[in-house]
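**Q**
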Amino acid sequence: MLRRGRRSGVAGQPRSLPHGSWRWNTTSSRAGETPAVPGRSRGATPAGSRSLGEQVRPPLDSRHAPHGKLAPAARCGRCRAPLLVALPAPICLITTGEDDLLPVVESLLGAGARWLQLRAKGIADRDLYRRGARLAALVAAAGGVLTVNDRADLAAALGAGLHLGQDDLPIGEARRLLPGALLGVSVHDPTEAAAAAAAGADYVGCGALFPTTTKLDARLLAPGALRAIVASFPGPVVGIGGITPPNAARLATTGLAGVAVAAAIFRAADPVACYRRLAAALAG
253 MLRRGRRSGV
263 AGQPRSLPHG
273 SWRWNTTSSR
283 AGETPAVPGR
293 SRGATPAGSR
303 SLGEQVRPPL
313 DSRHAPHGKL
323 APAARCGRCR
333 APLLVALPAP
343 ICLITTGEDD
353 LLPVVESLLG
363 AGARWLQLRA
373 KGIADRDLYR
383 RGARLAALVA
393 AAGGVLTVND
403 RADLAAALGA
413 GLHLGQDDLP
423 IGEARRLLPG
433 ALLGVSVHDP
443 TEAAAAAAAG
453 ADYVGCGALF
463 PTTTKLDARL
473 LAPGALRAIV
483 ASFPGPVVGI
493 GGITPPNAAR
503 LATTGLAGVA
513 VAAAIFRAAD
523 PVACYRRLAA
533 ALAG
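Residue 253 is where the sequence shown starts when you use the numbering used here, and the numbers rise one by one after that.
(1) Whole angstroms are fine: how far does the CA of residue 388 sit from the CA of residue 534?
(2) What separation, rounded to the nearest whole angstrom, lies between the Cα atoms of residue 438 and residue 507?
(3) Would you kindly report the start and end of the unbroken beta strand (DSSP E) that includes residue 375?
(4) With which residues is residue 490 paired in a DSSP beta bridge?
(5) Compute the Euclidean distance between the alpha carbons of residue 429 and residue 411, then round it to the nearest angstrom.
(6) I believe residue 348 touches residue 370 by the beta-carbon criterion, under 8 Å. Please report the beta-carbon distance rounded to the nearest angstrom.
(7) Give me whichever residues DSSP pairs with residue 400 in a beta bridge.
(8) For residue 454 and residue 422, what's the separation of their Cα atoms in angstroms?
(9) Considering only the beta carbon of each residue, do residue 536 and residue 490 sit closer than 9 Å?
(10) Spatial neighbours of residue 474 within its chain, please: C-beta separation below 7 Å, excluding the five flanking residues on both sides.
(11) At a Cβ threshold of 9 Å, is residue 441 touching chain E?
(12) Tell me the DSSP bridge mates of residue 526?
(13) Could you tell me how far apart the beta carbons of residue 354 and residue 386 are, in whole angstroms, since I believe they sit closer than 8 Å?
(14) For residue 498, tell me which candidate among 462, 518 and 470 has the shortest Cα-Cα distance.
(15) According to the neighbour-count rule (16 or more other Cβ atoms, all chains shown, within 10 Å of its Cβ), is residue 468 buried or exposed?
(16) So what's residue 343 in DSSP terms, helix, strand or just coil?
(17) Going by alpha carbons, who is nearest to residue 403 out of 458, 392, 519 and 372?
(18) Do residue 449 and residue 486 have their beta-carbon atoms positioned less than 9 Å apart in this structure?
(19) At the level of alpha carbons, what is the spacing between residue 520 and residue 510?
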């Protein structure tokens with residue numbers, strides 16, 4: 253189950269999240285209240301909730317976060333820690349580099365997907381930009397959010413959000429280049445999660461949670477590491493790595509705000525059917 257949250261604004265004033273933004277409702281100490289961020293007070297979380305299966309159908313209101321941008325009220329330029337922004341959707345679909353993505357993405361958006369990450373290795377910059385521009389147009393038309401993997405320059409050119417790895421551009425520099433964008437970073441332990449929070453990341457991705465075919469050298473998180481990362485980061489935490497419809501239900505009580513999926517969707521025989529099974533599995 254997911255719970256609609258609230259975002260803490262400047263001076264601790266609670267602000268409503270964009271429509272379509274959710275986090276898992278667990279029985280941990282995080283449920284029912286917003287974790288404290290240094291310099292800001294806690295904000296209450298409303299009691300209303302709905303299942304992920306219900307959430308994935310309606311489109312986001314693009315007035316809140318066109319392309320990869322955050323709502324204007326969602327960020328204070330002087331704040332280094334995240335303002336507990338909402339995720340665009342509980343499932344982030346990461347492209348896997350195939351050339352025939354557009355029809356698949358269009359079908360997935362029609363099925364309710366609202367968060368796409370452009371990840372394509374070994375493609376010439378101009379070709380990557382053209383692909384990204386077409387994807388950005390599709391995502392924007394559906395009221396969704398596009399993020400770009402690694403490339404701050406491409407994210408800026410497309411008006412998209414950005415997801416960084418530990419060896420990529422420092423978060424602070426990315427924020428300087430993309431002051432209003434959704435900014436996430438991959439972490440592997442609580443220390444990296446705390447550093448991401450201090451640097452101003454909006455969310456973190458952590459994994460690998462299961463063996464993955466997308467990154468063959470990815471290390472699996474040690475037992476207990478996922479909950480420790482969730483406890484160390486005050487904003488949304490997204491699980492990644494080998495997530496499929498059969499194993500997704502095991503994540504529903506971990507405190508994650510969402511999941512990111514690549515090969516399980518884009519290399520499936522029927523991506524739309526697989527996406528719907530994943531949403532149903534997460535909803536329990």
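By construction, the Cβ of each residue, glycine as well, lies at the ideal position given by its N, Cα and C atoms.
Computed from a prediction, not measured in an experiment: that's the story for all the values here.
**A** This is what the structure holds:
(1) Computed Cα separation, rounded: 26 Å.
(2) The alpha-carbon of residue 438 is positioned some 17 Å away from that of residue 507.
(3) Where residue 375 is concerned, there is no enclosing beta strand (DSSP E), given that its DSSP letter is neither H nor E.
(4) The partner list for residue 490 (beta bridge, DSSP) reads 457 and 510.
(5) Their Cα atoms are separated by approximately 11 Å.
(6) Taking the Cβ atoms as the reference, residue 348 lies roughly 11 Å from residue 370, outside the contact range of under 8 Å.
(7) Answer is 370 and 414, bridged to residue 400.
(8) Just so you know, the alpha carbons of residue 454 and residue 422 end up roughly 14 Å apart.
(9) Taking 9 Å as the Cβ cut-off, residue 536 and residue 490 do not qualify as a contacting pair.
(10) Contacts found: none.
(11) No chain E appears in the structure shown, which is made up of a single protein chain.
(12) DSSP, once it has assigned bridges, lists no residue as partnering residue 526.
(13) Contact between residue 354 and residue 386 is confirmed by a C-beta separation of about 6 Å, below the 8 Å threshold.
(14) Taking only the C-alpha atoms, the option nearest residue 498 is 462.
(15) Residue environment analysis places residue 468 among the exposed positions, since fewer than 16 neighbouring C-beta atoms fall within 10 angstroms of its C-beta.
(16) Correct three-state label for residue 343: strand.
(17) Closest by alpha carbon: 372.
(18) Yes; because the gap between Cβ atoms is below 9 Å, this pair is in contact.
(19) Answer to the nearest angstrom: the Cα atoms are 20 Å apart.
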